[in-house]
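Student: Residue numbers (the working numbering): 320 to 447.
Where is the CB? At the ideal position from N, CA and C, for every residue including glycine.
The structure's right below; bear with me while I get my questions together.
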Amino acid sequence: MAHYSRVSKVVIDVSEDVHDAELRFWEGAAGVTMHAFESEPAYHGADLPGQDAWLLIQRLGEGPSRVHLDVHTDDLEAEVARLEKLGARRVRQVDGRWWIMEDPAGLPFCVIPDERTDFNEGNARRWD
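Next up, the structure:
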């Protein structure tokens, strides 16, 4: 089945002890004000001016600081299967909603279902 996907977010994962400093740094570096998400309290984020992408700061409960990408799609299983054929592997599903995956080098990224109805060839890639 045809579906759409696109890289939608750059996520900076940081530990609790440096979270506030990292948030202030990236607000200044990107020239944006990052807002907390009520539904996901570990995240602060803002859309990037002139881009069709977001920058997020994620407070980690565990693990090293790092940067990862979020891929949004209108068909989660089709996109995960497509990426597996390219060499990615599933790590774990989060709350039955999205997948944390690793690329062939072992770097993490997330595949997230996106219920937007305006995916098109102008803002995403169509996969047949």
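State buried or exposed for Glu398, treating a residue as buried only when at least 16 other CB atoms are found within 10 Å of its CB.
Tutor: Buried, since its Cβ has 16 or more Cβ neighbours within 10 Å.
Student: Pull up the distance between the alpha-carbon of Ala286 and that of Ile331, whole angstroms please.
Tutor: Because residue 286 is not part of the residues shown, which for the chain are 320 to 447, the question remains open.
Student: Thinking just about the alpha-carbon of each residue, which of Ser384, Asp447, Leu426 is nearest to the one in His338?
Tutor: Nearest of Ser384, Asp447, Leu426 to His338, Cα basis: Ser384.
Student: Distance check for Ile419 and Gln412, CA to CA, integer angstroms please.
Tutor: Straight-line Cα distance between these residues: approximately 6 Å.
Student: Report all residues from its chain with a CB closer than 8 Å to the CB of Asp433; omit the five preceding and five following residues, and keep chain order.
Tutor: Hits under 8 Å: Ser327, His391, Thr392, Asp393.
Student: Report the option in Thr436, Leu395, Arg408, Gln377 whose CA atom is closest to the CA atom of Trp417.
Tutor: Checking every option, the nearest Cα to that of Trp417 belongs to Leu395.
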